[in-house]
Every structure is written in C-alpha cells, then in structure tokens.
Amino acid sequence: MNIKYYFTLAWSDIRNMKDIYLPYGGMMSMCFCFLYIIAYLGTHGNFYSLTKGSIMTLDLLTCGGVILCVLIFILCWTFSLTIRRQISTRQGLYRVLGFSRKNLLLLNACEMIIISVLALIGGMIFCIVFGKLLIMSAERFARQTLIQGITVDMRLMLWISLFMLSVGLVLLVRDSVYIVTHNPLTMLRKEKMQEQPKAKKLTTIFGIVFLGVGYGISLSVNDIGDDLEKIVFAILLVIFGTYCVFKGTGIMLLKLLQRNEKLYYHKKHMITLSNLLFRLRSYAVSMASITILLTMLILTASMCISLYTGVEDSVKQRFPEYKFIINGINDDQQLQQIVKKHHLAIQKEVQIPVVHGAMQVVVRNEELWIGKVNETIKENDSVPALTAITLSGYQNATNTQVHLKKDEVLLLNRTSHPIHTMNIRMENDDHTISIMKKKVRSSDVDFEVFPTDLVLIVPDQQAVAYLDYLFGEYVHDDPGYSTTLSMYRSMNFIGSEDNQKALAADLNANEEITIEDYYTVLDEMMSAYGSFLFLGILFSILFIFSIFMILYYRMHEDLREHEHEYSILYRIGLTKRELSLESARENRWLILAPPILAILHCLMAYPAFHLFASLFGFGKNGFSFMLMGEGCLVVLFVFIVYMLLLQMLIKKKIMTRKV
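Note that this note's numbering has the sequence shown beginning at -10, numbered continuously upward.
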C-alpha cells in the first residue's frame, strides 16, 4: 500500500476517536510548554548577577527540569496504555479484515507521528502565547526580574521536541511489541471480562504489609538528616502498597462481603457487589494511580504554599532581636558616618569581639578537638562548625555574668553530641605535636547571633592565644600577623524601612564588610522560595490535569461499555430509578475510595514531611497541618462534585434513553 493511504486512514481514526486522542495530545502540549518555561528560565536567566537567592533559584530550576522530564515520561507511558486499551478492539478488527502485522505496525506508526507532530505544534503555540505570561508569573513570585527581554528560543524548542519525540519512539516500540505478540482475537476481546476476578492472597498481604511498614517509618522518623533514605524507602512502599491494596485487598474485601449471605442477598447489595468485583478488575490500576497523584498533589501544593508563606516567620527567627549583624567595622566613628549618610540613628547595639568565624572542628568520644585536626579525622567523627568569641562579648549579648578559670572554656552546644573536654592539637616549631586540654562548661543561654553548631566562649585575656589554638600553629609572634579581633555588631536602627534597605545595600557593596540583615535575607529567601512555589504550581497543574484525564477516560469507558449492562438489567425487571440508584452506589465506592485513601496517606506522611520541610528553613509553624487539611477537604469536595456530575451524565445518557 501507498504510505499516503496509511496516513489517511490514521487521520480518519484519530478524527473518529478524537475524544480519546485530544486530551492526550493536550497533555503532551502542556508538558512541552512547562518544560520549555523551566528550561528557558534556566538557560536565559542571568542568575549569577542577581542579588537575591541566585544559586538556590538556579538549583531549584535545574532540579525541577529533571523531575519534570521523568514525570513527562511516566505520564505519557501511563496514558498511552489507557489509549492502547481503548483502540485495541479497532486494531484487532483491522487484523480480522485482512491487515497483516506489518500493515498494522505502519498504521500505528502513522498515528503516533500525527499525534506527536500535532502535540508539538500545540506546545509551541502554548509557548508563544502563554510563555511570557508564565515567565512574568515566575518573576512575580521571585520578586525580581529574572530575564531581560523575553524572546522565543527556537533552538530550545528543537531540543525539547527531540526529547518528546524520543519519548514517543519508546511508546511506539512498546505498542509494536504488543501488536506483534497478540493475536487478533485477544485484541478484539481486550480482557476476559466474563471471568470473575480472583482474590490474590499474596497481593493482599503485600498491600497491607507495605502500607503498614511505610506508615510506621513515616511516624517514627526523628532526624531527617539520618533518616532521609528511610523516607524515600517509605514512599516507595506506600506507592507499591497502594497498587496492591486496590488489586488485591479491595477484591478480597468484596469476596468476604459476598460470603455473608444475609448481606449479599439483600436487594440493594447483590448487584452492587457483583458489579464492583468486575469493575474493580478494570479500574484497580487507575484508582491506585489517582490515589498516588492526589497524595502528591496535596503534599506538593501544601508544602510549597507553607514554605512561601512561612518565609517571613523563618527570617524573624533568624533575627529575633536585632535586624543587622555587621562585621568588619571596628571604628565607631566610621560606622556613625555611614549611618547618618542614610538618615538613620542607632537604636540598640551589642558588640561581640570574635576570635574566629565559622570553622570546622572534630567531635569524638565526647571530646572537642581544635587546631591541627584535619589529618586526624576518622570515619565516625562528627565535624561541626564552630565560632569562637570572647567572654565579654558573650556577656553583653546574653546579659549574664560568667567567670571562667584559666583552664576552662564555655561552650554553646547545638549538636546532639555531649562534650565535656576540649583538646587543642598544636604543631610546634620542630614539627612535633603537643596537646593541651581544657575543661568545658556548657552554656545554658542560647543566642541567635551566630548560627553555627558550636559557639566557643574564651576568656578575654586568652583571646589572642586562641588565634593560634584554632589553627594549631604558633604564628602570633610574627610581626605581619594581625592580632586584632574582629568586631561583630548586632544593631537596630531608627528610620524608614527604605533607608535601612539602602544602608544594607551600601554595606553589602563594601567587600571589607560582612553583613547579614533582615531585609536582604528576606528578599533572598522570598526569591528562592518563590521559584520553589512556581515549580510547585506547575507540578500541581500537571497532577490535576493527569487526575482528570484518568477520570475522563474512565467515564468514557463507563458510558461506552456499561450501556449494554444497564439495558440487560432493565429488561430483567429493574426500573430506571433502581438502575440510577444502583449506578450511584457503585460510583460512590469507585470514586470516593481514592481520595479517602490519599487523605490517609497524607495524614501518615505529615510527620516525616514536616521534618523534611525543616531543611528548607520553615518558620516556627513549619509545614502547616491546617493548610494540608484544607487541601484534603478541597480534594474530597471536588470528587464528590465529580461523582454527582457523573451520575447526572449517566442518568441523561443511559437511564433516560429507550432501552
């Protein structure tokens, strides 16, 4: 046959089944557009020149692009399987009418080419029409201009088109294997729907065990840093357990209900239980997929929104009392001139002499090791960061009075490892090693000026000596070596917010000055987490669209395949009202089971995800349980509305027609 004939027949089939192919093509176009936006931001955004969260913003976009590529492949694979079930009867009919496997393979390839080309064209149109709007939305969330001059990148579109075509090629190979390995009768029949599904005890047990173990791990997580691998393992267990529950446990439960004669032979239950058994066989995978997608949607949306709305609270925790922490200005007169330049006045100030900023030390067997310790680090050692300050600075910051002996130091320990002794490992002039010991007293007062794991407080008269101790070398006698301590100033100013921001920008521009201030950190975090929220919104839209595609295909199957069933039930004596009630009872279980199980997943996952969210710097309210609960209620409400609309449609399409 002429290849033109195959394309003509393929186009005719697509037009005749546009209610199946159109949503799939729309999903591919939307995925193309979203991937283009993320890739465009990552390649054209000059993030290194930005002043607000440049590195984190770029990392989030890169990670989001990789995740989106994986998600696109999974979605295309899943929905192409659904389409395969829908069109297998038609392809089987072609085989019976005389098409060879080669003819059918060519026809299938033509259909895939047409769908892919149309989807890519639609994706490009989406990019041109909505691309600038989406990029402006990302800039709105990030509170800064990410790209100067938004244009259409045809080269980037070409690369994304190649990726989408490669996904289509994989699907084409899979469908070709199906066509080659199945005979025409199997393709016509699709599934042996006449056989009663069997309750697989092993699948049932696996489903219960997987969910139980996954829930248990989530509820028992205490340290997200140590248990991150366990959380990933728990997520995989819950995913596999969900599929096993619907494919095994659901059928087993219905079988047990059938054995209860008093329940089963009730007029309201007999037909419902029997129909549910057969329908669950076809819908188990789609119900499990909906459950997983709903869980991902609720957790992703609620976490991103909680993160974005909790940024200000998190920054307030970082700057609980003072909004400016300045290092590098030891001259009070110089500081006064800079402050007056921006029409501000000092409201409150605490000065803390710092021996050394954050540096790596070693904790081993309840002992702290400083000095020449890098070459002594062992596999099981803890390596926290330490800041050393003077006792007078500590007393000024905490309003406390502490007296230290000559062989004592005070230690603020924010780690989980107890420390009772400090060892100073020094290298002598002859390259021999000597060790000095100090007693460690624990500080009962915490202060937020220095966020390191350990804060070492040393007597003022020994501060210069500790300049050597921290590095493990005697260098303070060198004339070129400075013994001046750096001064950390925690400050608040009187004046407008704009003037304080201008002061922060002026000090940040000076390379000799190190500054952390409330306003700059807030802008950086809002910028970075705004990008996080933007990615979360894109993924949430994909999850929602995927869920509704599954529901759409399932509704399409309901209306097409169960029409004959309702006709038979009507002829054996059921009224149209009874048929309507029967359909409602079945759909109630099939539609509401996934969101209910998804809500259970979210409740069990909350403790682990709450700890996971702390890695991103949430505020004191953390991952909002109330926000997640509101998301669960919204999902449940949407599915109830969908159930009612489906029932109205079934009543209109089937119950009211002449049967």
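Backbone N, C-alpha and C fix where the C-beta goes; we use that ideal spot for every residue, glycine too.
So, residue i versus residue j, is the Cβ gap smaller than 8 angstroms?
i, j, result
"Asn92", "Asp164", "no"
"Leu324", "Gln489", "no"
"Tyr664", "Phe626", "A question about residue 664 goes unanswered here, because the residues of the chain that appear run from -10 up to 648."
"Arg430", "Gly360", "no"
"Leu616", "Cys293", "no"
"Met425", "Asn319", "no"
"Pro373", "Thr404", "yes"
"Tyr631", "Leu540", "yes"
"Cys621", "Ile580", "no"
"Ala377", "Tyr455", "yes"
"Gly382", "Ile502", "no"
"Val344", "Leu474", "yes"
"Gly237", "Thr192", "yes"
"Leu269", "Leu243", "yes"
"Leu652", "Ser479", "Residue 652 lies beyond the residue range present for the chain, which begins at -10 and ends at 648; the question has no answer from this structure."
"Leu657", "Ile408", "Since the first and last residues shown for the chain are -10 and 648, residue 657 lies out of range."
"Ile149", "Ala28", "yes"
"Ile287", "Val55", "no"
"Met655", "Ser207", "Limits of the chain in this structure are -10 at one end and 648 at the other, which puts residue 655 out of reach."
"Ala493", "Ile504", "yes"
"Thr509", "Asn499", "no"
"Tyr167", "Arg73", "yes"
"Lys367", "Glu397", "no"
For residue i, collect the residues of the same chain with a Cβ closer than 7 angstroms to its Cβ; drop the 5 residues on either side in sequence, then sort them by chain order.
i, result
"Val234", "Gly196 and Leu200"
"Thr71", "Tyr542"
"Ala582", "Met276"
"Ile483", "Leu333, Ala334 and Gln336"
"Gly203", "Ala223, Leu226, Val227 and Gly230"
"Gly157", "Met101 and Ser105"
"Val434", "Thr387 and Thr389"
"Ser423", "Met415 and Asn417"
"Met538", "Pro12, Met16 and Phe68"
"Val169", "Arg90"
"Ile44", "With a pLDDT of only 48 at Ile44, under 50, the local geometry of the prediction cannot be trusted, and no value is derived from it."
"Tyr507", "Val304, Phe308 and Lys312"
"Leu393", "Leu380, Leu399 and Pro448"
Take residue i and list the residues in its own chain whose beta-carbon comes closer than 8 angstroms to its own, dropping the five residues that flank it on each side.
i, result
"Lys641", "none"
"Asp8", "His545"
"Tyr83", "Asn92, Leu93 and Leu96"
"Ile3", "Tyr10, Glu100, Ile103 and Ile104"
"Asn(-9)", "none"
"Ala452", "Pro342, Val344, Thr379 and Leu474"
"Ile26", "Cys116, Gly120, Leu123, Ile124, Ala127 and Leu527"
"Thr51", "Gly31"
"Leu(-2)", "Leu96 and Cys99"
"Asp495", "Ile327, Lys330 and His331"
Measuring alpha carbon to alpha carbon, tell me which residue in the options is nearest residue i.
i, options, result
"Lys395", "Ala386, Leu123, Val447 and Val434", "Val447"
"Phe313", "Val438, Ile194 and Gly382", "Val438"
"Thr23", "Lys(-7), Val159 and Met153", "A small correction: the amino acid at residue 23 is Phe; Thr does not occupy that position in the sequence shown. When only C-alpha atoms are compared, the closest one is Met153."
"Arg129", "Met241, Asp418 and Gly519", "Gly519"
"Arg79", "Asn5, Glu397 and His33", "Asn5"
"Thr261", "Val274, Ser271 and Gln247", "Gln247"
"Asn172", "Glu368, Phe88, Asp442 and Ser291", "Phe88"
"Gly346", "Ser271, Cys58 and Asp442", "Asp442"
"Asn369", "Asp449, Val362, Gln384 and Val352", "Val352"
"Leu30", "Lys251, Val118, Lys(-7) and Leu524", "Leu524"
"Asn412", "Ile533, Cys591 and Glu355", "Glu355"
"Leu511", "Ser1, Val118, Ser371 and Tyr297", "Tyr297"
"Leu650", "Ser529, Gly618, Ile629 and Asn264", "Outside the shown range of the chain (-10 to 648) lies residue 650, about which nothing can therefore be said."
Would you grab the beta carbon distance between residue i and residue j for me? Rounded to a whole angstrom, and I think it's under 8 angstroms.
i, j, result
"Ile104", "Tyr(-5)", "At roughly 14 angstroms, the Cβ-Cβ gap does not stay under 8 angstroms, so Ile104 and Tyr(-5) are not in contact."
"Leu380", "Met348", "In fact, because the Cβ distance is near 19 angstroms, the residues do not count as touching under 8 angstroms."
"Leu531", "Leu60", "7 angstroms"
"Met143", "Cys116", "Not confirmed; about 10 angstroms, so no contact."
"Trp66", "Leu160", "7 angstroms"
"Leu107", "Gly14", "6 angstroms"
Kindly list the residues whose CB is nearer than 6 angstroms to the CB of residue i, restricted to its own chain and excluding five residues on each side of it in sequence; keep chain order.
i, result
"Ser432", "Leu399 and Leu401"
"Gly608", "Because the pLDDT of Gly608 is 46, which lies under 50, any placement of that residue in the model is unreliable, and the question is left without a value."
"Phe460", "none"
"Tyr232", "Ala277"
"Ala273", "Phe235 and Lys236"
From the beta carbon of residue i, is the nearest beta carbon of chain D less than 8 angstroms away?
i, result
"Ile220", "No chain D is present in this structure, which holds just one protein chain."
Quiz item: Counting Cβ pairs closer than 8 angstroms, one from the region 574 to 586 and one from the region 631 to 640, do we hit at least three?
Solution: yes
Quiz prompt | Cβ contact (3+ pairs, closer than 8 angstroms) linking the region 14 to 33 and the region 106 to 124 | solution = yes
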